[in-house]
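Step one of this worksheet: look at the structure below.
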Amino acid sequence: MMKMTTIARPYAAAAFEVAVTHNALSRWQEALSAAAQVAEDSAVTQLLCNPAMTKKQCADLFLDVLAPVLDEKMQHFIRLLAENGRLSALPDILERFKQYRAEQEKTITVDVFSAVRLEEEYQQKLTLSLTKRLGKQVSLQNKIDPTVLGGVFIQAGDTVIDGTVRGKLARMVEFL
Amino acid sequence: MQHTQLSPAEISELIKQRIEKFDIRAETRTEGTIVSLKDGIVRIHGLADVMQGEMIAFADHTYGMALNLERDSVGAVVLGHAEHLAEGQTVKCTGRILEVPVGDALLGRVVDALGNPIDGRGPIQTELSSPVEKVAPGVIYRQPVSQPLQTGLKSIDSMVPIGRGQRELIIGDRQTGKTAIAIDTIINQCNTGVKCIYVAIGQKASSVAAVVRKLEEHNALAHTIIVVASASEAAALQYIAPYAGCTMGEYFRDKGEDALIIYDDLTKQAWAYRQISLLLRRPPGREAYPGDIFYLHSRLLERAARVNPHYVEKLTAGKVKGKTGSLTALPVIETQAGDVSAFVSTNVISITDGQIFLESNLFNSGIRPAINAGLSVSRVGGAAQTKVIKKLGGGVRLALAQYRELAAFSQFASDLDEATRKQLERGQRITEVMKQKQYHPLSVAEMAIVLFAVDQGFCDDIELNKIVGFEDDLLGYARSNYSDFIATLNQSGDYNDEVAKQLKAIVTSFKKTYV
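Keeping their order, the protein sequence lines are chains A and B.
70 is the number that this note's numbering gives to position 70 of the first sequence; each next residue is one higher, with no gaps.
49 is the number that this note's numbering gives to position 49 of the second sequence; each next residue is one higher, with no gaps.
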């Protein structure tokens, strides 16, 4: 399935700008996350596809379910999405919003794959050196992957640092 | 007893050396995921740091080239077959713009568009590689074309001479002898030190095999590189094959040597590029070609040039001084029903320094090479001709032009005045003399003898259907009795009274023996 990134971008950008102006980044992110969950629900996706549902009905559905988390501006946002028929893009909007926020606050989540669980001390050292290298606040997530054999596989967005024994063996095979 | 195989100790020593050279540091790279895979075009999500034209590594040693850098995805073409790729696979950036191996080790080999050998004679022993897309030498670094490139074909060398560093287009319908001219030129470069590159784009593999066999028969393969992107290969490979061949040719040019490259043919490269552009959703223009179809050919042909000694010295870091380098290009374009006003044909005609027109009706009436002398032109012309051919060939072109003017009157041969009849007959004899058998290129001296004979009227009393035989016998006679003179004339290429006297002596003494 083709990603809806291109469609989601203007909406996410607009939502982000509003959130920044009102200094309400976390609240907006929570609201978007809840709305995205609703949009991903199988019953809701069926309803959204149904041509018998009018735009107002779709908007009302979301507003009713999400009433406790949405403030006025967020309600307008949902109505706008319903009018343009873009409610199904909510998960992608949430993703984009998170990216914008990460860029703004200079944070990044880094996945570290290792064969065995890394000790606290080692994780802290990694966090420090990665922070220095990437220039952003790093939050480390250690994931276990036995196929790594040894060493670590660090994934920060698109950049990948392969310090695994598996990677070295593969390169050695090619080189020799 | 001599041991020609390596002992186990030597093998382990070699492996140890290789291991020591191996870089064991962790590798940093940019990765992405395949989002869609269709018709050889791959859409990738991620790859934030990818460069335009960069080589991308797919699974299983397949490579691709990043062509469309869009906001949310990267469009890449697969350089090869895409059967083993799947949506969701990870792809890596290699950090290198597409490059191919270059060097003398490629001579005599048949390679594909990426430089991998396909002739079954083992890997190519070269460490050098060079990017496929390069900027052509600037204005300051160029030198005017003044050295001849002998094709060995009488009609070309006398009327549309080609110089080293020139671009001369060979254009004509299918089956008119375009490739034949190219092959004869390669065969004629046997002992001249000119390295040849034959790029086969979109051709049948059987045709390419026939070409390789012919070149091998005439001992021409040793100084030739053959780059093949046959019709069954991916469009991306057909698109980059000419650039890859050009890079291999530039290696020789930048060393102060002379090289010749033949693109057979650029029409198929334009088709392949059109296919890729349409699949990448770039807007189609005239004849559905993309907007940059002119740039596709112009940047390729601009790299064929003659460069001055300063450039060669700069690029060889001072190792080669005082020598000019050149890369001559003979692109081939196939027209449909003789229509030279089609889009791609007019583009390439405006880029090259002249064209050789081949016509089907000339071919069918037995005039081979089927060159239309009236429409063919070489914009470098006499500056790139040996003196002897220039002197003797000048009359030939003029006589043929006059003959064409009067050709309609040839039906009334008996009712015409003497002068007109003489012109007609001279024109007919020159046309006969210009015919040449395939794979029989002539040296400068042999050409001079033939041109002298026809120009000075020694053929005027020979019957028209006996001219070809007369020429063969004349050359045979000269080769056996005057081989020293031929060798000297080939060396010097000068024309003076002495040479003229000798030529006259040869022809008159032959005619005395001719029945």
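Beta carbons: idealized from backbone N, C-alpha and C, even for Gly.
Proximity winner among the options, relative to residue i (alpha-carbon distances)
{"i": "Met51 (chain B)", "options": "B:Arg29, B:Asp60, B:Arg18, B:Arg96", "result": "B:Arg96"}
{"i": "Phe510 (chain B)", "options": "B:Ser492, B:Ala487, B:Cys459", "result": "B:Cys459"}
{"i": "Leu278 (chain B)", "options": "B:Pro242, B:Gly75, B:Thr179, B:Thr30", "result": "B:Gly75"}
{"i": "Thr6 (chain A)", "options": "A:Asp92, A:Lys143, A:Met172", "result": "A:Asp92"}
{"i": "Pro146 (chain A)", "options": "A:Lys136, A:Val116, A:Met172, A:Ala89", "result": "A:Val116"}
{"i": "Val433 (chain B)", "options": "B:Leu300, B:Ile156, B:Asp417, B:Ser350", "result": "B:Ile156"}
{"i": "Ala210 (chain B)", "options": "B:Ser158, B:Val110, B:Ile170, B:Ala288", "result": "B:Val110"}
{"i": "Glu54 (chain B)", "options": "B:Thr94, B:Gln89, B:His61", "result": "B:Thr94"}
{"i": "Pro290 (chain B)", "options": "B:Ala270, B:Gln385, B:Thr488", "result": "B:Ala270"}
{"i": "Asp339 (chain B)", "options": "B:Leu300, B:Pro331, B:Leu358", "result": "B:Leu358"}
{"i": "Val227 (chain B)", "options": "B:His218, B:Ala205, B:Glu217, B:Asn219", "result": "B:Ala205"}
{"i": "Gln502 (chain B)", "options": "B:Thr513, B:Tyr514, B:Val515, B:Thr488", "result": "B:Thr488"}
{"i": "Gln143 (chain B)", "options": "B:Lys323, B:Arg281, B:Gly120", "result": "B:Lys323"}
{"i": "Val507 (chain B)", "options": "B:Tyr243, B:Leu107, B:Gln336, B:Tyr482", "result": "B:Tyr482"}
{"i": "Ala384 (chain B)", "options": "B:Thr420, B:Gly493, B:Val515, B:Ser12", "result": "B:Gly493"}
{"i": "Leu153 (chain B)", "options": "B:Gly177, B:Val91, B:Arg167, B:Val139", "result": "B:Gly177"}
{"i": "Asp71 (chain A)", "options": "A:Thr131, A:Leu130, A:Gln29, A:Ile144", "result": "A:Gln29"}
{"i": "Pro148 (chain B)", "options": "B:Gly138, B:Val160, B:Tyr141, B:Pro137", "result": "B:Val160"}
{"i": "Ile118 (chain B)", "options": "B:Ser129, B:Leu128, B:Leu106", "result": "B:Leu106"}
{"i": "Leu32 (chain A)", "options": "A:Thr54, A:Asp158, A:Ser88, A:Thr164", "result": "A:Ser88"}
{"i": "Asp184 (chain B)", "options": "B:Thr224, B:Ile276, B:Gln166", "result": "B:Thr224"}
{"i": "Glu168 (chain B)", "options": "B:Ile197, B:Ser376, B:Asn490, B:Lys422", "result": "B:Ser376"}
{"i": "Thr28 (chain B)", "options": "A:Glu174, A:Gln155, A:Thr45, A:Arg166", "result": "A:Gln155"}
{"i": "Gly150 (chain A)", "options": "A:Val165, A:Lys143, A:Lys73, A:Leu118", "result": "A:Val165"}
{"i": "Ser365 (chain B)", "options": "B:Phe452, B:Val307, B:Thr431", "result": "B:Thr431"}
Cross-strand partners of residue i (DSSP beta bridge)
{"i": "Leu169 (chain B)", "result": "B:Gln355"}
{"i": "Ala229 (chain B)", "result": "B:Ile201"}
{"i": "Glu27 (chain B)", "result": "A:Asp162"}
{"i": "Tyr403 (chain B)", "result": "Per DSSP, none; premise fails for Tyr403 (chain B)."}
{"i": "Asp119 (chain B)", "result": "In DSSP, Asp119 (chain B) forms no bridge with anything."}
{"i": "Leu69 (chain B)", "result": "B:Val74"}
{"i": "Gly64 (chain B)", "result": "B:Ile56, B:Val78"}
{"i": "Ile367 (chain B)", "result": "Ile367 (chain B) is not bridged to any residue."}
{"i": "Val200 (chain A)", "result": "Examination of residue 200 (chain A) is not possible in this model, given that chain A is present from 1 through 176 alone."}
{"i": "Pro284 (chain B)", "result": "B:Pro290"}
{"i": "Cys196 (chain B)", "result": "B:Thr224, B:Leu260"}
Chain-ordered chain B contacts of residue i [CB-CB under 9 Å]
{"i": "Leu176 (chain A)", "result": "Ile15, Arg18, Ile19, Phe22"}
Three-way DSSP call (helix, strand, coil) for residue i in this model
{"i": "Asp162 (chain A)", "result": "strand"}
{"i": "Ser7 (chain B)", "result": "coil"}
{"i": "Pro331 (chain B)", "result": "strand"}
{"i": "His84 (chain B)", "result": "coil"}
{"i": "Ser139 (chain A)", "result": "strand"}
{"i": "Gly381 (chain B)", "result": "helix"}
{"i": "Gly167 (chain A)", "result": "helix"}
{"i": "Ile41 (chain B)", "result": "strand"}
{"i": "Arg303 (chain B)", "result": "coil"}
{"i": "Arg164 (chain B)", "result": "coil"}
{"i": "Gly95 (chain B)", "result": "strand"}
{"i": "Val111 (chain B)", "result": "strand"}
{"i": "Arg142 (chain B)", "result": "strand"}
{"i": "Gly394 (chain B)", "result": "helix"}
{"i": "Met1 (chain B)", "result": "Residue placement at Met1 (chain B) is flagged as unreliable, the pLDDT there being 45, under the threshold of 50; the coordinate-derived value follows with that caveat. Met1 (chain B): coil per DSSP, three-state reduction."}
{"i": "Thr316 (chain B)", "result": "coil"}
{"i": "Ile462 (chain B)", "result": "coil"}
{"i": "Met172 (chain A)", "result": "helix"}
{"i": "Gly325 (chain B)", "result": "strand"}
Contacts that residue i makes with chain A (C-beta to C-beta distance below 8 Å)
{"i": "Glu54 (chain B)", "result": "None at all; the shortest Cβ gap to chain A is about 14 Å."}
{"i": "Leu519 (chain B)", "result": "Since the displayed chain B opens at 1 and closes at 515, residue 519 (chain B) lies outside it and no answer follows."}
{"i": "Asp72 (chain B)", "result": "Lys3, Thr5, Thr6, Arg9"}
{"i": "Thr30 (chain B)", "result": "Asp158, Thr159, Val160"}
Amino acids of chain B, ordered along the chain, whose beta-carbon sits closer than 7 Å to that of residue i
{"i": "Asp60 (chain A)", "result": "None at all; the shortest Cβ gap to chain B is about 32 Å."}
Next on the checklist: Ignoring anything shorter than 3 residues, give me the beta strand (DSSP E) runs that lie fully in the stretch 199-281 of chain B, in order along the chain.
Outcome noted: 224-229, 258-264
Checklist entry - Which parts of the stretch 19-66 of chain A are runs of the alpha helix (DSSP H), unbroken and 4 residues or longer, counting only runs that do not cross its ends? => result 25-40, 42-49, 55-66
Next on the checklist: Runs of 4 residues minimum, wholly inside the stretch 409-455 of chain B: which ones carry the alpha helix (DSSP H) assignment?
Outcome noted: 418-434, 444-455
Checklist entry - Can you list, in chain order, the stretches of the beta strand (DSSP E) that have 3 or more residues and sit fully within the stretch 90-144 of chain A? => result 107-114, 137-144
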